[in-house]
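Quick note on the working numbering: the sequence shown kicks off at -7 and runs consecutively.
Heads up, the beta-carbon is just placed ideally off N, CA and C, and yes, glycines get one too.
Remember, it's a predicted structure, so these values are computed and weren't measured experimentally.
Step one of this worksheet: look at the structure below.
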Amino acid sequence: MRLFFTTFCFTLGLVQSSTAVHPNVVFFLVDDMGWRDVACFGSSFYETPNIDRFAKQGVRFTNAYAACHVCSPTRASIMTGKYPGRLDLTDWLSGRREFDFQRFLSAEKLQALPLEETTLAEALKAKGYRTGIFGKWHLGNA
C-alpha cells in the first residue's frame, strides 16, 4: 500500500510538471459492494449507467484488494498509504468508547486516525489540488 501511495504521489508530480491544468481525481470507496455489483464489471442485475460512464472515461481498479475486512482500517490505509497494522488501527471504530458495565471489554485500541498521519488529501493539496470528502468518514472525530 505504501508503494501504491508513493507511486501515486510521484505520478501526480509528473502529471503536474507536464501540464498546467490538473486532471480531475474522483475516488469512490464503497462499503459492502461486490466486485461485480456494477454493470461495468459484469453485473446484469444492477443498472449503473453513471458509474459506468465514470469507469469508461477514467481509471478502473481491476487488480486490488482491501487492506482489511472492515471499513475503518481500509479507509485509514487508503488515506495514509500505510498498512492497518502500521497504524495500529485493525478494527472498525465504533464511534464511542466501551462502557465499564459491558461484560467483556476489548483491549484498548485507537479511537481515531492519528492527526499526525499525512493523508492522501494533504498530499494532493501539496500538489495544488482542492480536496473534499463526502459521505462516511468512520475514522474517528476529526
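| field | For F37 and S135, the rounded distance between their alpha carbons | value | The displayed coordinates of the chain run from -7 to 134. Any statement about residue 135 would go beyond what the structure contains.
| request: Could you tell me if V30 is buried or exposed, where buried requires 16 or more neighbouring beta carbons within 10 angstroms of its beta carbon? | output: Position 38 of the sequence shown, counted from the first residue, corresponds to residue 30. Buried, by the Cβ-count rule.
| For S86, which residues of its own chain have a beta-carbon under 6 Å away from its beta-carbon, when the five flanking residues on both sides are left out? | By 1-based counting over the sequence shown, the position of residue 86 is 94. Counting only Cβ-Cβ distances below 6 Å, and skipping sequence neighbours, we find nothing.
| task | Report the three-state DSSP secondary structure of I43 (helix, strand or coil). | result | Taking the first residue of the sequence shown as 1, we reach residue 43 at position 51. DSSP places I43 in helix when its eight states are reduced to three.
| Between V62 and W27, which are expected to be in contact by the criterion C-beta below 8 Å, what is the C-beta distance as a whole number of angstroms? | Within the sequence shown, numbered from 1, the residue matching residue 62 stands at position 70. Within the sequence shown, numbered from 1, the residue matching residue 27 stands at position 35. About 17 Å; that fails the 8 Å criterion.
| Candidates K119, E39, Y75, of which the one nearest E109 by Cα | Within the sequence shown, the letter at position 117 stands for residue 109. Among K119, E39, Y75, the Cα nearest to that of E109 belongs to Y75.
| field | Same chain, Cβ closer than 6 Å to D23, five either side skipped, listed in chain order | value | Position 31 of the sequence shown, counted from the start, is the residue given in the question as residue 23. Hits under 6 Å: C63.
| task | Buried or exposed for P15, please, with buried defined as at least 16 other CB atoms from any protein chain shown within 10 angstroms of its CB. | result | To locate residue 15, count along the sequence shown from 1; it is residue 23. The residue is exposed, with fewer than 16 neighbouring Cβ atoms inside 10 Å.
| said: Whole angstroms are fine: how far does the CA of T123 sit from the CA of Q49? | reply: Residue 49 sits at position 57 when you count from the first residue of the sequence shown. Residue 123 sits at position 131 when you count from the first residue of the sequence shown. One C-alpha to the other measures close to 20 Å.
| query | Within this structure, are the beta carbons of L107 and M71 separated by less than 8 Å? | reply | Stepping through the sequence shown from its first residue, residue 107 is reached at position 115. Stepping through the sequence shown from its first residue, residue 71 is reached at position 79. No.
| request: Would you tell me roughly how many angstroms separate the C-alpha atoms of R78 and G132, rounded to the nearest one? | output: The residue given as residue 78 occupies position 86 in the sequence shown. The residue given as residue 132 occupies position 140 in the sequence shown. One C-alpha to the other measures close to 17 Å.
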